[in-house]
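Asker: Take a look at this one; I'll ask things after.
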Amino acid sequence: MDLGAILSNNKRDFNRELVHFSEKNTTIIPLDCNEYIIQMFIEQAANFDTLKEYLSHYHSYIRYKTEYKDNAIIEIIESFNLDTFVIEYNSTFADRPQDCLFLAIIDDEIMKESIFTPEIQNLCDPGPFYKIIGVDESWSSNEEIYYDYATAKKAFDKLQ
């Protein structure tokens, strides 16, 4: 497994071009970007109290004006007006967990105590954040869909 995703209880009509799945009360949006982009997004979020402040800062950041995949996370959040969600990244090697990244944003507030990266290691259980948001924390156990972005896209395309 090597996949990052945005998890939300938002049931909006998402763009048919956006790879996404609805499972139980959860919308799962696999991210087409690597671990380092997700890690950078999460670590930068630690510097702000609200998502609105963070996005405002990000738009002034010079890389935003480029075509980097860094923008994929921002574009999804803004396009669908997400203000309550989790960003999570998991990877495994030989069925053993390798890397985990986590961030919860609830009603526009960046839950700093939820942030987990190699640089910022809060010892928190993500379970309560899943519960507050109302998303299913077992989403990543379905590796037939959520193994990596290519696998997720292939599964999504079959549904279309």
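Numbering (full-length UniProt numbering), first residue to last: 1 to 160. Even glycine gets a Cβ: it sits at the ideal position worked out from N, Cα and C.
Can you check whether the CB of Asp99 is closer than 9 Å to the CB of Glu35?
Answerer: Against a cut-off of 9 Å, the Cβ pair of Asp99 and Glu35 comes out as a contact.
Asker: Label Ser60 either buried or exposed according to how many other C-beta atoms from any shown protein chain fall within 10 Å of its C-beta, with 16 as the threshold for buried.
Answerer: The residue is exposed, with fewer than 16 neighbouring Cβ atoms inside 10 Å.
Asker: Short of 6 Å in beta carbon distance, which residues of its chain neighbour Phe156, apart from the five on each side in sequence? Order them along the chain.
Answerer: Closer than 6 Å at Cβ, skipping near neighbours: Val19.
Asker: Expressed to the nearest angstrom, what Euclidean distance is found between the alpha-carbon atoms of Leu3 and Ile110?
Answerer: If you take the alpha carbons of Leu3 and Ile110, they lie about 22 Å apart.
Asker: Rounded C-beta distance between Phe80 and Phe102? I'm assuming under 8 Å.
Answerer: Contact flag wrong, Cβ pair sits at about 20 Å.
Asker: Classify Asp157 as helix, strand or coil using the three-state DSSP reduction.
Answerer: Correct three-state label for Asp157: helix.
Asker: Terminal residues of the continuous beta strand (DSSP E) containing residue 163?
Answerer: What is shown of the chain runs 1 to 160, which leaves residue 163 out entirely.
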